[in-house]
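Numbered as in the UniProt record's numbering, the sequence shown ends at 248 without a single skipped number.
Even glycine gets a Cβ: it sits at the ideal position worked out from N, Cα and C.
Model, not experiment: these values are computed from the prediction.
Notes follow once the structure below has been shown.
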Amino acid sequence: MKKIVISFLVITPLFLVGCATTFTLMDANEQLNSYYSSLEQAKTTKDYTMEVTALSMLADLATTTAQEAEKSKTALNKISLYRVAATAAWKAEETSVVAYSNAGVKVCEKEWNNAPRDCGMLTFIKDLASIDETTRLFNIETLKTNTQINDQVALDIFNRYEATATDMIRMHTHLLESVPESLLTEFDKRLSTLICKHISQGASGLLARAQVELNTACRVENLRIQANNANIKLTGCLGPIPEQISNC
1 MKKIVISFLV ITPLFLVGCA TTFTLMDANE QLNSYYSSLE QAKTTKDYTM EVTALSMLAD
61 LATTTAQEAE KSKTALNKIS LYRVAATAAW KAEETSVVAY SNAGVKVCEK EWNNAPRDCG
121 MLTFIKDLAS IDETTRLFNI ETLKTNTQIN DQVALDIFNR YEATATDMIR MHTHLLESVP
181 ESLLTEFDKR LSTLICKHIS QGASGLLARA QVELNTACRV ENLRIQANNA NIKLTGCLGP
241 IPEQISNC
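Structure follows, in C-alpha cells:
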C-alpha cells in the first residue's frame, strides 16, 4: 500500500520557471523515488546503515525542495515542490512535514482546481505522517509485557489515532468534490485501516492489556457513524454500523 501512495505523490514533473538553480521538479521527483526505494529496500533487508543514509537523504531533499518552493515564482511549481518536500519529510520521519504541508495548502487556496491531485495530497500528508508516528509508538509499547505498558502512553496512542481519524473524516467532503477518484479511493483505504485495524484492534487491544478503563468500542462505533454520515465506505470493520452517536 505504501508504494501505491507514493505513486500518487510523484506525478508528471515540470521544470522550475524563473530560477537560476539547475535543481528542477523533475530532479526532486526522481530523487524522491530513488531515496524512497532505497529506504524500503533497507527495511526489507534490515540494512540499518542503508536505512539511516536513506532517511538522511530524504530529510535533505525535503529541506532543499522546500527552499526551492519558497523561491519559485510560479504557483503550480510551488505546490508541486511543497508536495515533494512534505512527502520526503514524511518518509524521513521529520516533523517539518506539517510546515511543508501547510505551506503548500496555503498556495492551494487559490489554485486547487489547477492542481487537485497535489493539493489533495498536501491536505492529508500530515495525517498519514501522524498515523506512521503513532504506529511507531504503538510498536514499541506492544513489545512490552502487560505490566510494563505505560498507561498514559497507551491512552495517548488511542487518542492520537482517534484525532487523526476525525480529521480525515472531516476533510473527506472537500476531497470528494475536488480530487481524482483514484486518490480518493486510496484515502478511504487508509482511513479504513486506521479505524478498523489501528484503532479497533491495535490501540484498543493495547489499552485492554494495560487494563486502562475506556469504552473503546463506543468510541470506534462513533467514528464509524461519522464516516458513514460522510458517505465513506469503510472496509474491514466487524459488525453492523450503529444508528446513532452514543455518549461514551
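Reference residue i; option with closest CA among the options
i           : options                           : result
Asn247      : Ser37, Tyr35, Cys218 and Lys106   : Cys218
Ser96       : Asn146, Glu70 and Ala66           : Ala66
Ser200      : Ala62, Lys43 and Cys237           : Cys237
Ser204      : Glu94, Val153, Glu51 and Asp118   : Val153
Gly239      : Asn229, Gln226 and Val220         : Val220
Lys43       : Lys91, Glu68 and Asn222           : Lys91
Arg228      : Ile125, Val107, Asn102 and Ile169 : Rather than Arg, the amino acid found at residue 228 in this sequence is Asn. Considering only alpha carbons, the answer is Ile169.
Gln244      : Ile225, Ala230 and Asn231         : Ile225
Asn102      : Ala69, Asn113, Asp132 and Thr74   : Ala69
Thr216      : Ala62, Leu155 and Leu128          : Leu155
Leu184      : Glu162, Leu214, Phe124 and Gly202 : Phe124
Asn113      : Val212, Asp60, Pro180 and Leu214  : Pro180
residue 296 : Thr64, Asp47, Glu162 and Val212   : No answer is possible for residue 296: it lies beyond the span of the chain, which begins at 1 and ends at 248.
Tyr82       : Leu25, Asp47 and Ser182           : Leu25
Asp60       : Glu94, Glu109 and His198          : Glu94
Asp132      : Thr45, Ser56, Glu30 and His198    : His198
Rounded distance between the beta-carbons of residue j and residue i, thought under 8 Å
i      : j      : result
Arg160 : Ser192 : So it is not a contact: roughly 18 Å between Cβ atoms.
Ala54  : Leu39  : 4 Å
Leu58  : Ala88  : 5 Å
Ala86  : His172 : Not quite, the Cβ-Cβ distance comes to about 19 Å (not below 8 Å), so this is no contact.
Val107 : Lys126 : Contact flag wrong, Cβ pair sits at about 15 Å.
CB of residue i within 8 Å of CB of residue j, strictly
i      : j      : result
Ser178 : Gly120 : yes
Asp118 : Ser72  : no
Thr166 : Leu194 : no
Glu111 : Leu206 : no
Val98  : Ala28  : no
Ala115 : Leu175 : no
Ile157 : Thr134 : yes
Ala210 : Asp151 : yes
Tyr100 : Ala62  : yes
Cys196 : Leu234 : yes
Leu143 : Arg190 : no
Ile232 : Asp188 : yes
Glu186 : Leu223 : no
Thr49  : Phe23  : no
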